[in-house]
Amino acid sequence: MRYILDAPNMNHLWARLLIEELVRNGVKGFCLSPGSRSTPLAIAVSEIGDVDHIVHFDERASAFYALGWAKATGKPIALICTSGTAVANYLPAVVEASLARVPLLVLTADRPPELLQCGANQAIDQTGIFGGYVRWSFTLPCPDSAISSAVVLTTIDHAIFRALRAPAGPVHINCMFREPLEPVPIEGDIPNGYLKPIENWLSSDAPFTTWNTPESHLTTQQEIFILDKLENVKKGLLIIGELRRELEIKSAFNLAQSIHWPVFPDVTSGLRLGNKTEFSVCYYDQLLLSPEFVEIFNPQFVLHIGGTITSKRLLEFLEKKRPEYMLVTDHPLRSDPIHRVTYRFETDLVKFCSWLAPAMRRRDVYPWGREIIELCGVIDGVISKWVDECDELNEITVPRFISQWKTEVSDLFLGNSMPIRDADMYGSIDGTDGLVFANRGASGIDGNIATSAGFSYGRGRVVTAIVGDLSALHDLNSLSMLTKEGVKVILIIVNNDGGGIFSFLPISAYPETFEKYFGVPHGYNFEYICKMFGLDYIATKDKEELKTLYIEALKRGKSCVIEVPTNRPENLKLHRELQERIKSAVRDYLESSGLLKH
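Going by the working numbering, the letters in the sequence shown line up with residues 484 to 1081, in that order.
What follows is the structure, encoded as structure tokens:
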């Protein structure tokens, strides 16, 4: 603890106490952006050792990098920035972290009270700046010997607890500092005996206050209720939403194998592109295109485990059919956008699946839904045939091919707007294992590149990231992160020269305003920006060339950018063409199998 005892002044003593207590609470990662007011915090990080940290000039990118890093490890990552609009640039990532339940520690440096609301430079009102998107916020006053040193430590201890307890999320500690900010010795600034209240802490390596995070588990009465509800269900449907840990994926797989119901796995579940169960209906979204299928498919009970789902069609189906709906998650947030959940349980997902799976194996098996599973194979054949007929790469084929070619060495990040939807609808059912993740809290297109970089670093693995051109343009500064040591991202940019998702909305029927205000063609490619950041880059429209480039990139395990130009006006036509084929094939199957009632 010598570096704490030798602090040159009160500013640096408090900063060292803050950082030391974060580390004792398990925070091993820091993302800093340069600035003057945060000097004491930055120096404290540099002195402590045994922590990972990055320094990045763009606060927004740094925050999304921390988001990906924390999502990969499940542990809090700390953000540090100077005062003023630097703080405001954290907001998009804080919003995503809040809605996605990702723990972040946001440490913002601030001007002292006498410089606020008086026209002082780089001074804004930072207290409460993140509103309701943080689990807890607190402004520490300027370091002062009249305030006990224990206050600094207990503030951090409580912040960590609030960041980790369900629902996990970001917390904000606003740190006021007066000048001098540099580590200049100031005689008498730290009174003798100031550290006496924390003597025991100084001689240990444990946090000052250890908060015990409560565990959520089912009571015996709740278990009896669940079994009573599920035991005699003859037409059940298992929906598996987002899962973030391999153990969750494995336990959900075992439950799916035991319950013998059709399984609708979301693309972020880890069971959609790999780990396919024998009951998986991976193309459920496309099945729901068929009015004939919607008419005859009537599950009486839905068990939904994990996070939210990508498919809007599935939500609309459940809203229309109104089955009994049991949702099981590991947090208390209200995850019910269609307001149809009838039973809601908060518990650890691994424990829940491990408890329920053997109980389901003992019950009677009702052979319902086998035809649906076979029908999923029919759809796969339709998609494969359509894909083989395509002369050039398009927005459907890119995520499908990548899901087929990706090996176990890589996780997969799916950008918002079209990439995640196309992967959910058309990704191969024979893909490889590995986590599939996305920023689906607020589903923004900002920060996608930075998030994938942080996730790669946190996992220590290659990440294949598929994003659209507007997502890439939003996050150009984050391309510099892909060259950082330990970051291995194969970034595939599907460039349709504008906002492709808007073509699927009703506004596209108004051509006089659509292209200018929604399509927003930009005419850019990413070759020269990649050169500026020292990234390997290549563009291709050819399937075989993409396959060669991608497989070679996986083998190298080094960041690079592959740009795939596509035709935005053609994209809507291609989707409709394929979907008409799918609907026709579904109708033919239902008629030939006698499932349709005439």
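C-beta: ideal position from N, C-alpha, C; glycine also.
Given the structure is predicted, the values throughout are model-derived calculations rather than measurements.
- The beta-carbon separation of Asp-958 and Ala-571, rounded to 17 Å, does not stay under the 8 Å limit for a contact.
- By the Cβ rule, the stretch 821-828 does not count as touching the stretch 744-763, because fewer than three pairs are nearer than 8 Å.
- Note that the C-beta distance between Val-1044 and Tyr-1020 is below 8 Å.
- Under the three-state reduction of DSSP output, Ser-741 falls in the helix class.
- With 16 or more other Cβ atoms inside 10 Å of its own Cβ, Ile-723 counts as buried.
- Taking all protein chains shown into account, Thr-556 has 16 or more neighbouring C-beta atoms within 10 Å of its C-beta and is therefore buried.
- Counting C-beta pairs with one atom in each stretch, the stretch 853-872 and the stretch 1059-1070 have three or more that are closer than 8 Å, which means they touch.
- Cβ-Cβ separation between Leu-956 and Ala-921: approximately 18 Å, too far for a contact (criterion under 8 Å).
- For the beta strand (DSSP E) assignment, the uninterrupted runs of no fewer than 3 residues enclosed by the stretch 788-876 are, from N- to C-terminal side, 807-812 and 826-829.
- Bridge pairing for Ala-1022: Glu-1046 [DSSP].
- Rounded to the nearest angstrom, the Cβ distance from Leu-713 to Leu-786 is 7 Å, consistent with a contact under 8 Å.
- DSSP places Ala-561 within a strand segment (E or B) once states are collapsed to three.
- The C-beta separation of Ala-1068 from Val-861 comes to about 6 Å, placing the pair in contact by the 8 Å criterion.
- Taking the Cα of Ile-973 as reference, the smallest distance to any Cα among Tyr-1033, Met-809, Asn-979 and Trp-838 is reached at Tyr-1033.
- Partner residues in the beta bridge of Val-946, as assigned by DSSP, are Asp-894 and Val-972.
- Taking 8 Å as the cut-off, the Cβ atoms of Glu-731 and Leu-832 count as close.
- About 7 Å separates the beta carbons of Asn-877 and Asn-1054, which is inside the 8 Å limit, making them a contact pair.
- Assigned with DSSP and collapsed to three states, His-641 falls in helix.
- Residue state for Met-484 is assigned as coil, using DSSP reduced to three classes.
- When the five nearest sequence neighbours on each side are left out, the beta carbons in the same chain lying within less than 6 Å of the beta carbon of Leu-623 are those of Cys-658, in order along the chain.
- Taking C-beta atoms as the reference points, Ala-592 and Ser-686 fail to come closer than 8 Å.
- Rounded to whole angstroms, Met-809 and Gly-789 show a C-alpha spacing of 11 Å.
- Sequence-distant partners of Asp-863 (beyond 5 residues in either direction) whose C-beta falls short of 6 Å from its own C-beta, in its chain, are Ile-912.
- A direct Cα-Cα distance of roughly 14 Å separates Ser-1076 from Cys-859.
- For the pair Met-964 and Gly-983, the Cα-to-Cα distance works out to about 26 Å.
- Asn-494 sits in a helix when the DSSP states are folded into three classes.
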